[in-house]
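Numbering (my numbering), first residue to last: 3 to 336.
The C-beta atom is built at its ideal place from N, Cα and C for all residues, glycine as well.
Just below is one structure, and these are the notes that go with it.
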Amino acid sequence: MYVDRKVSWWSRLFLRGGTRRISLTMVLEPVQRKACLVTRKAYGRTILGGGDCANVKAAQRWEMLKSNTRRYATRVNDDAVASVALTTNFKRDCVVRDSALWSRTARLARALSGEKNAHKEKVPRGALANTVSVHPCDKRGHTPLELTASNVAQSGFLFQAADGANCYDGLRFRACSDEDKTLRWGIGVKFNSRGRPETALFKFYNESACLVELAGDNVGLGQCHAKAAKLWGVTRGRLCRNGDCVNNGKCLARSAYDGQGKLFACRMNIFEHLTLTLDSDGSDALAQALKEAAAREEAAKLEAAEEQRRYEARRAQAAASRTSSTPSYTSSQY
């Protein structure tokens, strides 16, 4: 999420950075100190990673500029709405893919262009084909990034179980349906006094109802301003609160009796694997999941029928072999 953050008069007075601060926030990252895209030093260069949103210099100076460079000359992404350059440090530094700098072709091109000491350059440690780093825009340029359209802001999303046919509505797991608006969720983000995001999950068509942790192992719907409605996150298919979804925090699981949602300590490794359905029109991915579930059931039936056929074939073969092994006597006439 591209977040334009408010800056207090105190910060404008004593901290550099103007009146605008923009962060790129991973809104469903369960660990607050890893929820923003930040720059950091590693192996003598500047790289990217998840970090603390409260860090003004590393996490609050992002800005997207329109790029006239296309990433692919022939490929067309129908969902792309813009091609941008991702910049930081007051638009002076740009994000560049390492393969565009350190591939053999790129280094040879710099050497042929007469760039000073280009033939002495060595690939930095940690630079791979799919990694990125930050460099001065006027020296290394930028890698164009495509902004892709998503309908989540208009239709919300679904928490879909691994079976592909059931979705979580805030109380229990029940059959997924395109027409059922009560299954749709939205994401609300609010920055606390330290500048860190607090994520809430609200009903998309009823913004006053949020997912809250209740007493014991219960979970349900409640007021969005409640403390128990904040600090939700999703990782590795686990929906959890107040933790990293693996070693600490409480993870959502499904009751085997009535399909209700329950919260268990994540370290117990008890959870319901969930998929966030974020498709272009709010229904295609769901329909595809239902088709896949039906296909799996049909494949299971065919496999069972084939196994039954093999079993009967083995029985017939065994009976035939017993019959052929029995000695037969024929009468001869002299």
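Helix, strand or coil at residue i [DSSP, three-state]
{"i": "HIS137", "result": "strand"}
{"i": "LYS264", "result": "strand"}
{"i": "GLU215", "result": "strand"}
{"i": "GLU209", "result": "strand"}
{"i": "TYR170", "result": "strand"}
{"i": "VAL154", "result": "helix"}
{"i": "LYS118", "result": "coil"}
{"i": "LYS232", "result": "coil"}
{"i": "ARG47", "result": "strand"}
{"i": "LYS303", "result": "helix"}
{"i": "LYS183", "result": "helix"}
{"i": "SER195", "result": "coil"}
{"i": "ASP283", "result": "Low confidence applies to ASP283: its pLDDT is 38, below 50, so where it sits in the model is not reliable enough to give any reading."}
{"i": "LEU160", "result": "strand"}
{"i": "ALA315", "result": "helix"}
{"i": "THR201", "result": "strand"}
{"i": "LEU241", "result": "strand"}
{"i": "THR145", "result": "coil"}
{"i": "THR27", "result": "strand"}
{"i": "SER69", "result": "coil"}
{"i": "ALA84", "result": "strand"}
{"i": "LEU110", "result": "helix"}
Counted within 10 angstroms of its Cβ, other Cβ atoms place residue i as buried (16 or more) or exposed
{"i": "PRO138", "result": "exposed"}
{"i": "LYS252", "result": "buried"}
{"i": "PHE92", "result": "exposed"}
{"i": "ALA322", "result": "exposed"}
{"i": "ALA258", "result": "exposed"}
{"i": "ALA37", "result": "buried"}
{"i": "ALA297", "result": "exposed"}
{"i": "ALA129", "result": "buried"}
{"i": "GLN62", "result": "buried"}
{"i": "THR41", "result": "buried"}
{"i": "ASP283", "result": "Summary for ASP283: the model assigns pLDDT 38, below 50, so the residue's position carries little reliability; its value from the coordinates is reported in the next sentence. So ASP283 counts as exposed."}
{"i": "LEU343", "result": "No information on residue 343 is available, as it lies outside the stretch 3 to 336 that the chain covers here."}
{"i": "GLU215", "result": "buried"}
N- and C-terminal bounds of the beta strand (DSSP E) containing residue i
{"i": "GLN225", "result": "221-225"}
{"i": "LYS43", "result": "38-44"}
{"i": "ILE272", "result": "Counting along the chain, ILE272 falls outside any beta strand (DSSP E), and DSSP gives it neither H nor E."}
{"i": "LYS93", "result": "Element bounds for LYS93: n/a, residue is neither H nor E."}
{"i": "ARG22", "result": "Where ARG22 is concerned, there is no enclosing beta strand (DSSP E), given that its DSSP letter is neither H nor E."}
{"i": "ARG176", "result": "175-177"}
Euclidean distance between Cα positions of residue i and residue j
{"i": "PRO126", "j": "SER105", "result": "11 Å"}
{"i": "ALA315", "j": "LEU304", "result": "16 Å"}
{"i": "MET398", "j": "ALA230", "result": "Nothing about residue 398 can be reported from this structure: the residues present for the chain run from 3 to 336 only."}
{"i": "SER115", "j": "ASP140", "result": "16 Å"}
{"i": "HIS121", "j": "HIS227", "result": "59 Å"}
{"i": "ALA318", "j": "ALA302", "result": "24 Å"}
{"i": "PHE273", "j": "ASP165", "result": "14 Å"}
{"i": "LYS183", "j": "LYS205", "result": "9 Å"}
{"i": "GLU148", "j": "ASP219", "result": "42 Å"}
{"i": "LYS59", "j": "ARG256", "result": "42 Å"}
{"i": "LYS124", "j": "THR90", "result": "25 Å"}
{"i": "CYS96", "j": "MET66", "result": "10 Å"}
{"i": "LEU30", "j": "CYS178", "result": "22 Å"}
Start and end residues, alpha helix (DSSP H) containing residue i
{"i": "ALA258", "result": "Taken as a continuous stretch (DSSP letters only), ALA258 belongs to no alpha helix (DSSP H), as it is neither H nor E."}
{"i": "TRP104", "result": "101-104"}
{"i": "VAL58", "result": "58-61"}
Whether residue i touches residue j by CB criterion (9 Å)
{"i": "ALA87", "j": "HIS144", "result": "yes"}
{"i": "LEU203", "j": "TRP234", "result": "yes"}
{"i": "GLY172", "j": "VAL221", "result": "yes"}
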